[in-house]
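Engineer: According to the working numbering, the stretch in the sequence shown is residues -10 to 394, in order. Note that CB positions come from ideal geometry on N, CA and C, so glycine has one too.
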Amino acid sequence: KVGSSYEPSGMTGISHVLEHMMFKGTETLKPGEFSRLIAANGGTENAFTSRDYTAYFQKLGKDRLEVSFRLEADRMRRLVLDEGELAKEVQVVTEERRLRTEDSPQGLTYEQFNAGTFVTSPYRNPIIGWMNDITSLKVGDVQNWYQRWYVPNNAILVVVGDVDPQHVLALAKTHFGPLSPSTLQAVKYTPEIPQRGERRIVVKAPAQLPYLLMGYKTPTLATAEQSWEPYALEVLAAVLDGGDSARLSRALVRGSQVASSVSVDYNLVARLENLFTLAGNPSPSRSVADLEQGLRAQIDRLREELVDKDELERVIAQVIATDVYQQDSMFYQGMRMGVLETTGLGWQALDDYIDRIKAVSPEQIRDVVRKYLTDDRLTVALLDPLPLNGKPPGPPAALSGDALH
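(1) For V6, which of helix, strand or coil comes out of DSSP?
(2) Which residues mark the beginning and the end of the beta strand (DSSP E) in which E34 is found?
(3) Say yes only if the C-beta of S274 is nearer than 7 Å to one or more non-hydrogen atoms of the ligand ATP, and no if none qualify.
(4) Work out the CA separation of A29 and E262 for me, nearest whole Å.
(5) What number of angstroms, rounded off, separates the C-alpha of D122 from the C-alpha of P271?
(6) Is P170 helix, strand or coil when you go by DSSP?
(7) Could you check if A338 is buried or exposed, using at least 16 other CB atoms within 10 Å of its CB as the buried criterion?
(8) Assuming I190 and Q101 make a contact with CB atoms under 8 Å, what is their CB distance in whole Å?
(9) With respect to the beta strand (DSSP E) encompassing I343, which residues constitute its N-terminal and C-terminal limits?
(10) Only counting the same chain, and skipping five residues up and downstream in sequence, which positions put a Cβ closer than 8 Å to that of R185?
(11) Beta-carbon separation of L229 and V247 under 8 Å?
(12) Quick one: residues in its chain with C-beta nearer than 7 Å to the C-beta of V296, no 5 flanking neighbours on either side, listed in chain order?
(13) Which class does T1 belong to by DSSP, given the choice of helix, strand or coil?
(14) In its own chain, which residues sit with a C-beta less than 7 Å from the C-beta of V258, not counting the 5 before and 5 after it?
(15) In three-state terms, what does DSSP make of D373?
(16) Distance check for G(-8) and P111, CA to CA, integer angstroms please.
(17) For F265, does the count of other Cβ atoms within 10 angstroms reach 16, so buried, or fall short, so exposed?
(18) Could you check where the beta strand (DSSP E) with I116 kicks off and where it finishes?
(19) Checking 8 Å against the spacing of the C-beta atoms, do L202 and T98 come in under that value?
(20) Could you work out which residue in V192, I117, R188, V308 is closest to T398 when comparing CA atoms only?
(21) Given Y321, which residues of its chain have a CB within under 7 Å of its CB, disregarding the five upstream and five downstream residues?
(22) Thinking just about the alpha-carbon of each residue, which of V357, V81, L146, N114 is nearest to the one in M44?
(23) Count the other CB atoms, across all protein chains shown, that sit within 10 Å of the CB of Q215; report buried if there are 16 or more and exposed otherwise.
(24) Taking its Cβ as the centre, do 16 or more other Cβ atoms sit within 10 Å of N133, making it buried, or is it exposed?
(25) Are the region 59 to 77 and the region 13 to 31 in contact at 8 Å, needing three or more beta carbon pairs?
(26) Only counting the same chain, and skipping five residues up and downstream in sequence, which positions put a Cβ closer than 6 Å to that of P381?
(27) Using alpha carbons as the reference points, say which of A268, Y220, I3 lies closest to S238.
(28) Grab me the residues of R89's own chain with a C-beta within less than 8 Å of its C-beta, minus the 5 sequence neighbours each way, in chain order.
(29) Assuming H9 and V82 are in contact, meaning their beta carbons sit under 8 Å apart, how far apart are those beta carbons, in whole angstroms?
(30) Kindly confirm or deny that the region 127 to 144 and the region 301 to 320 touch, where touching means at least three C-beta pairs closer than 8 Å.
(31) What is the DSSP secondary structure of P351, reduced to helix, strand or coil?
(32) Since Q136 is in the alpha helix (DSSP H), which residue starts that stretch and which ends it?
(33) Would you tell me roughly how many angstroms separate the C-alpha atoms of L284 and S249, rounded to the nearest one?
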């Protein structure tokens, strides 16, 4: 239960760097030996860092489950942090950052968008960290972070598959039982302060196409005033961007052709207040201002008109079908339970997900649009293309209102 939102100023990116170091050897294993042993037992493995947690996972035959338990317990408390290995991984991470952010116009815009949207929330920092923080990390910093968070009473162990629960419990007691727990220090952070007006950000970078991001501050299951609101926002996202028949694709991509691509993102299980985000590229013959106007028109329509019964039934059926199909994946089942536990909701929090989605009404969709999708909760980020390798830039981003450069 640790991710980028736990990190103090000056230490951003440390959770992600530690994730890399978890494969670099323990008191009993050499660097890279963890991965070699998993592969030798017919398994696959990987890991990733998010804002709210760091996830490590393996897929193995059930007769090799003990191998995974033994290796994970070993690196939970016996990791060896070598200065030379850290230097190599810091170099890997800085190159990863250059590829995904500095050299990616949309990645750079998204980073500036989050930094400008959130003032006090730790969600303002990139998961990968700010470059200066990454390059300034010392072995002692990573060691302290590891000792503080990588303890059995801060870990969620999830096993999914054709296994005997009592056997799994016995393995857990054998391998993790001897590890001593630690007193966990509560993380102090300042909740996001109320936004008092629309914010606008312009990012100038070499790019072929302009890019638009619009983010409205919205609640999650952990922060909502009313328990039904996140489910209404979930259905709203599907009304707008639930496939080719959804409103944005139908109206803006195939209809007016103001957009070449458009998408909506909402995460109802985030630990802190998050965003309902609309993003897209204008078509070559249209400007980013045209795209913003088109997106605003779709929001305005939802603010004034109820979604009709047939459309809502189709969208709800689609949301439920997506959830049911995802349950076919053992990885998804395990990840969902782990995420719900690490974000403090509890692994059973979505047991009634389908019933809650079915209960969403047209009035509730209209109400969350009116309450949360307002200009006072909105941040707009525009990518204004500069020349790319001597080529002329794409159409400039049209600005309106205040802009934060």
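Structural biologist: Let's see:
(1) As a first step, residue 6 is located in the sequence shown; it is residue number 17 there, counting from the start. If DSSP states are grouped into helix, strand and coil, V6 belongs with the helices.
(2) Residue numbering aside, residue 34 sits at position 45 when the sequence shown is read from its first letter. Secondary structure note for E34: its beta strand (DSSP E) is the uninterrupted segment 33 to 38.
(3) Inclusion of the ligand ATP in the displayed structure is not the case, the ligand content being empty and no account of it being possible.
(4) One-based indexing of the sequence shown puts residue 262 at position 273. One-based indexing of the sequence shown puts residue 29 at position 40. Going from the Cα of E262 to the Cα of A29 covers about 43 Å.
(5) Looking up residue 122 in the sequence shown gives position 133. Looking up residue 271 in the sequence shown gives position 282. Near 35 Å, if we compare the C-alpha coordinates of P271 and D122.
(6) Position 181 of the sequence shown, counted from the start, is the residue given in the question as residue 170. Annotated three-state conformation of P170 is coil, per DSSP.
(7) Reading the sequence shown from its first residue, position 349 is the one you call residue 338. Label assigned to A338: buried.
(8) Position 201 of the sequence shown, counting from 1, holds the residue named residue 190. Position 112 of the sequence shown, counting from 1, holds the residue named residue 101. The C-beta separation of I190 from Q101 comes to about 6 Å, placing the pair in contact by the 8 Å criterion.
(9) Translated into the one-based positions of the sequence shown, residue 343 becomes position 354. Secondary structure note for I343: it is in no beta strand (DSSP E), and the uninterrupted alpha helix (DSSP H) holding it is 342 to 347.
(10) For the purposes of this step, residue 185 is taken as the residue at position 196 of the sequence shown. Within the same chain, and ignoring the five residues on either side of R185 in sequence, the residues whose Cβ sits closer than 8 Å to its Cβ are D365.
(11) Taking the sequence shown and counting its residues from 1, one reaches residue 229 at position 240. Taking the sequence shown and counting its residues from 1, one reaches residue 247 at position 258. No.
(12) Taking the sequence shown and counting its residues from 1, one reaches residue 296 at position 307. Correct list, in chain order: V228, P351, I354.
(13) Here residue 1 is taken as the residue at index 12 of the sequence shown, counted from 1. Coil at T1, not helix or strand.
(14) Indexing the sequence shown from 1 puts residue 258 at position 269. Once the five neighbours on either side are set aside, the close Cβ partners of V258 are T209, L210, V328, L329, T332, L334.
(15) Here residue 373 refers to the residue found at position 384 of the sequence shown. Note: D373 maps to strand in three-state DSSP.
(16) Counting from 1 along the sequence shown, the entry for residue 111 is found at position 122. Counting from 1 along the sequence shown, the entry for residue -8 is found at position 3. Cα to Cα, P111 sits roughly 10 Å from G(-8).
(17) Residue mapping note: residue 265 aligns to position 276 of the sequence shown, counting from 1. By the neighbour-count criterion, in which 16 or more other beta carbons inside 10 Å mark a residue as buried, F265 falls on the buried side.
(18) Translated into positions along the sequence shown, residue 116 becomes position 127. In this chain, I116 is not harboured by any beta strand (DSSP E), its DSSP state being neither H nor E.
(19) What you label residue 202 is simply residue 213 of the sequence shown in a count that begins at 1. What you label residue 98 is simply residue 109 of the sequence shown in a count that begins at 1. The answer is yes: Cβ separation under 8 Å.
(20) Any question about residue 398 goes unanswered here, given that the chain covers just -10 to 394.
(21) As a working note, residue 321 is residue 332 in the sequence shown. In its chain, beyond the 5 residues on either side, Q315 have a beta carbon closer than 7 Å to the beta carbon of Y321.
(22) Numbered from its first residue, the sequence shown carries residue 44 at position 55. Looking at the sequence provided, one finds Ala at residue 44 rather than Met. Looking from the CA of A44, the closest CA among V357, V81, L146, N114 belongs to L146.
(23) By one-based count along the sequence shown, residue 215 stands at place 226. The residue is exposed, with fewer than 16 neighbouring Cβ atoms inside 10 Å.
(24) Numbered from 1 along the sequence shown, position 144 holds the residue referred to as residue 133. By the neighbour-count rule (16 or more Cβ atoms within 10 Å), N133 is not buried but exposed.
(25) Pairwise C-beta distances place the region 59 to 77 in contact with the region 13 to 31, as three or more of them are shorter than 8 Å.
(26) Against the sequence shown, residue 381 aligns to sequence position 392. A caution first: P381 carries a pLDDT of 43, below 50, which makes its placement in the model too unreliable to give a value.
(27) Within the sequence shown, the letter at position 249 stands for residue 238. Comparing Cα positions, the closest option is A268.
(28) Here residue 89 is taken as the residue at index 100 of the sequence shown, counted from 1. Taken in chain order, the residues that qualify are G96, I117.
(29) Within the sequence shown, the letter at position 20 stands for residue 9. Within the sequence shown, the letter at position 93 stands for residue 82. So it is a contact: roughly 7 Å between Cβ atoms.
(30) Touching, no.
(31) Here residue 351 refers to the residue found at position 362 when the sequence shown is read from its first residue. In this structure, P351 counts as helix in the three-state DSSP scheme.
(32) To locate residue 136, count along the sequence shown from 1; it is residue 147. 128 to 138 is the extent of the alpha helix (DSSP H) around Q136.
(33) What you label residue 284 is simply residue 295 of the sequence shown in a count that begins at 1. What you label residue 249 is simply residue 260 of the sequence shown in a count that begins at 1. Rounded to the nearest angstrom, the two C-alpha atoms are 13 Å apart.
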